[in-house]
Ligand SMILES: [Zn+2]
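As structure tokens, then:
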């Protein structure tokens, strides 16, 4: 029953190839890791901008206080009665006016920075939540990858063990012929005939030939269309 043994070997090899391809196609989380990295960067950028604005606001606040202190000093001079000279009084009032204008412009600047902070803070919170979600998705993906890889490895090990046991029962010369054919025929050396048609190339096999193949599976018939070895099932011998 050499043909059937080779056919079973073929089925095992096809399963091994398919399982290995499935294993290779498993998502190891690379794409999700890129999403996490991009989100980390986005959050760092937003937090960096917020930190710079907060530092700017603290500097403006100090400056506004210092301007206020200076103005208070001039105010005290003005109302102390110590300064009687009208020229000197006018100079003090001019200083006060210029300090008020400076304070006003510093306050405007602080307001505009605060507006920017208010716009970006919700965005930073949104990105923070997105980062948490994408990190959770990555953790999940990595766990799923490890489980699926282990399952595929187990399946490949099982198939390979069955293949070795079967190959040990097959004549060495036949095995070599099988391997050579498999190499040259896209991994498919032995095919079944279904409904009189070769599964490998879909060419019809004449009825009389089918009968002969089914009668003597040890003869190892090859398909005229594709050259693969044929296995015939379901033909009454
Ligand atoms: Zn064929």
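In my numbering, the protein residues as written are 5 to 241.
Glycine is no exception: its CB is placed at the ideal position from the N, C-alpha and C atoms.
Only a predicted model underlies this, so the values are computations on that prediction, with no experimental measurement involved.
Counting only residues of its own chain and dropping the five nearest sequence neighbours on each side, residue 185 has a CB closer than 6 angstroms to the CB of 193. Secondary structure note for residue 25: its alpha helix (DSSP H) is the uninterrupted segment 6 to 29. Proximity of the beta carbon of residue 207 to ligand 1 is indicated: a heavy atom of the ligand is located closer than 6 angstroms. Look at residue 158: its beta carbon is at least 6 angstroms from all of the heavy atoms in ligand 1. Annotation: residue 28 to residue 124 spans about 42 angstroms, alpha carbon to alpha carbon.
Counting only the Cα atoms, residue 110 lies some 14 angstroms from residue 75.
Contact annotation, residue 204 with residue 227: C-beta distance approximately 6 angstroms; criterion of less than 8 angstroms satisfied. Under the DSSP assignment, residue 196 falls in the beta strand (DSSP E) whose first and last residues are 194 to 198. About 45 angstroms separates the CB atoms of residue 229 and residue 145; that is not less than 8 angstroms, and the two are not in contact. DSSP places residue 233 outside any alpha helix (DSSP H); the residue lies instead in the beta strand (DSSP E), whose first and last residues are 233 to 236. Assignment of residue 172 by DSSP, reduced to helix, strand and coil, places it in the coil class. Counting C-beta atoms within 10 angstroms of its own C-beta, residue 97 has fewer than 16 neighbours from the protein chains shown and is therefore classed as exposed. Where residue 209 is concerned, there is no enclosing alpha helix (DSSP H), because DSSP gives it neither an H nor an E.
In this structure, residue 30 keeps its C-beta atom at 7 angstroms or more from the C-beta atom of residue 172.
Here residue 140 is exposed, its C-beta having fewer than 16 other C-beta atoms within 10 Å.
Of the other Cβ atoms in all chains shown, 16 or more fall within 10 Å of the Cβ of residue 138; this residue is therefore buried. The beta-bridge partner set that DSSP reports for residue 201 consists of 198 and 208. Not one heavy atom of ligand 1 falls within 6 angstroms of the beta-carbon of residue 199.
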